[in-house]
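Working notes for the structure below.
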Amino acid sequence: MATIKVIFRASSGNGGEGTLYYRIIHKRRTRQIHTGTRIAREEWDAASRTVATIGGERMASVRKTLGENLARLERIAASLDNSGREYTASEVAELYLMPGSGDGLIAFARGLIAENIRMGKLSAAEHYSAALNSLIRFRGDGYLAFDDFDSPLMLAYECHMRAIDLSPNTTSYYMRKLRAIYNRAVDRGLTQQRHPFRHVYTGVAKTKKRAVTLDAIRALRDMDLSADPLSELARDLFLFSFYTRGMAIVDIAYLRKSDLRNGVLSYRRRKTNQPLRLRWEAEMQRIVDRHGIADSAFMLPIIKSPGADARRQYLNASHLINRRLKLLGIRLGMAEPLTMYRARHSWASIALANDVPVAVISEGMGHDSEKTTRIYLASIDAAVVDNANSSILRLLD
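Residue numbers (my numbering): 1 to 397.
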């Protein structure tokens, strides 16, 4: 366990104020942090190594701040001790000095988001940003002390989200991401674990997944969208996903022309890094011929500006594509919104309905295991069984 104390360094000049430091000692290594406070020599009690009980309100405020910061440094050190790994006095100091770590939960969350961006964890940063922005819309952007981030606040926040008609899964998503932020603060010793999420919903409710039928896909394919290039691109990207065994839009966005060799498309799923290969079909080539950009390294026009943020381009294009698809779904009379995800789900559903083994579907979709595919297809299985039962009953006629 690290040893942490306040030390006073007297001024080299006669009568000048000295400086207070936090000294961290761990495994014979020392790190000092400037407290930002200067006091006179007579305001320091050398015997007890504390600020003297003189000086009125000013010194009372100094004593209070020093005590709070010492407690925070000790929580950080205790958390590192509990982790069971080796650490240094400098690491304790760095966690203490992390931007936003002493300025409440909102500032800490922003620092954590910036930290994830620096480490290239862009997806985590985006999830944290979405949750933080939701919380700010609820209670404002002002200071939020860790001690005030408690169960009653989370219950009020949950009621707010229900009042604006967010689905249980959406409210749970925000709660889970805020919980991750809060737990990071606990891990770093910035606050004690108070379990603020114990009374709110953080599960994932099963939602009914509806695949697009083959007839609907044919109708979508045969729509004349030549007068509306954006809708035509959205439709063709949906079809491209279906043709490529439900390829996710993020993987389509990053496909390069060099990924296609000798009639085989090879790529890695960005979600799992799993390598996938599939035979190139004429339907895929027609879409690339219709929309490909000659001087671009990318196969399809989602990431179009080489010097700009590729992920931001993909996210913006994804939102636009799904908006166009929803409008096309309405034109076709679909009961559920048409999205890129439904292309992936539809391929799996149609494959299962046509007696393709689950193991083959799992391989085609790039799932890590057949168990994942069975979870994914759980809502489809019931329909398949119902259809089979209907067929059996018809045998009685």
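Quick reminder that beta carbons are idealized off the backbone N, C-alpha and C, glycines included.
Its chain contains L260, G263, V264 and L265 as the residues whose beta carbon lies nearer than 8 angstroms to that of W280, once the 5 sequence neighbours on both sides are disregarded; these appear in chain order.
Taking the CA atoms as reference points, P301 sits about 15 angstroms from A248.
Counting the other CB atoms within 10 Å of its CB gives G203 a total below 16, which places it among the exposed residues. Residue burial is scored here from C-beta neighbours: P357 has fewer than 16 other C-beta atoms within 10 angstroms and is therefore classed as exposed. Fully enclosed beta strand (DSSP E) runs of no fewer than 3 residues occupy 275-279 of the segment 274-306, in order along the chain. Taking a contact to require three or more Cβ pairs closer than 8 angstroms, the segment 64-74 and the segment 165-181 do not qualify as touching.
In this structure, T191 lies near F146, with their beta-carbon atoms less than 7 angstroms apart. Going by C-alpha positions, N183 is about 34 angstroms away from R49. In this structure, R324 lies near S231, with their beta-carbon atoms less than 7 angstroms apart. When rounded, the separation of the alpha-carbon atoms in E42 and Y22 is 19 angstroms. Look at the beta carbons and you see the segment 327-341 touching the segment 231-240: at least three pairs across the two are nearer than 8 angstroms.
Annotation for R324: the continuous alpha helix (DSSP H) segment containing it runs A310 to R331. Proximity to I4 across G16, Q285, R28 and T171 peaks at R28, based on C-alpha coordinates.
Between I7 and A93, the gap from beta carbon to beta carbon reaches 7 angstroms or more. Here T170 carries a helix assignment [DSSP, helix/strand/coil].
Exclusion of the five residues before and after L122 leaves R311 as the residues of its chain whose Cβ lies within less than 6 angstroms of its Cβ. Under the three-state reduction of DSSP output, S266 falls in the strand class. For the options L328, G189 and L105, the alpha carbon positioned closest to that of D228 is the one of L328. Put simply, of T19, S12, T30 and E17 the residue whose alpha carbon is nearest the alpha carbon of A2 is T30. Here the segment 265-276 lies against the segment 240-257, with 3 or more beta-carbon pairs under 8 angstroms apart. Looking at the backbone, the Cα of D165 and that of D141 are separated by about 22 angstroms.
Between L95 and R188, the gap from beta carbon to beta carbon is short of 7 angstroms.
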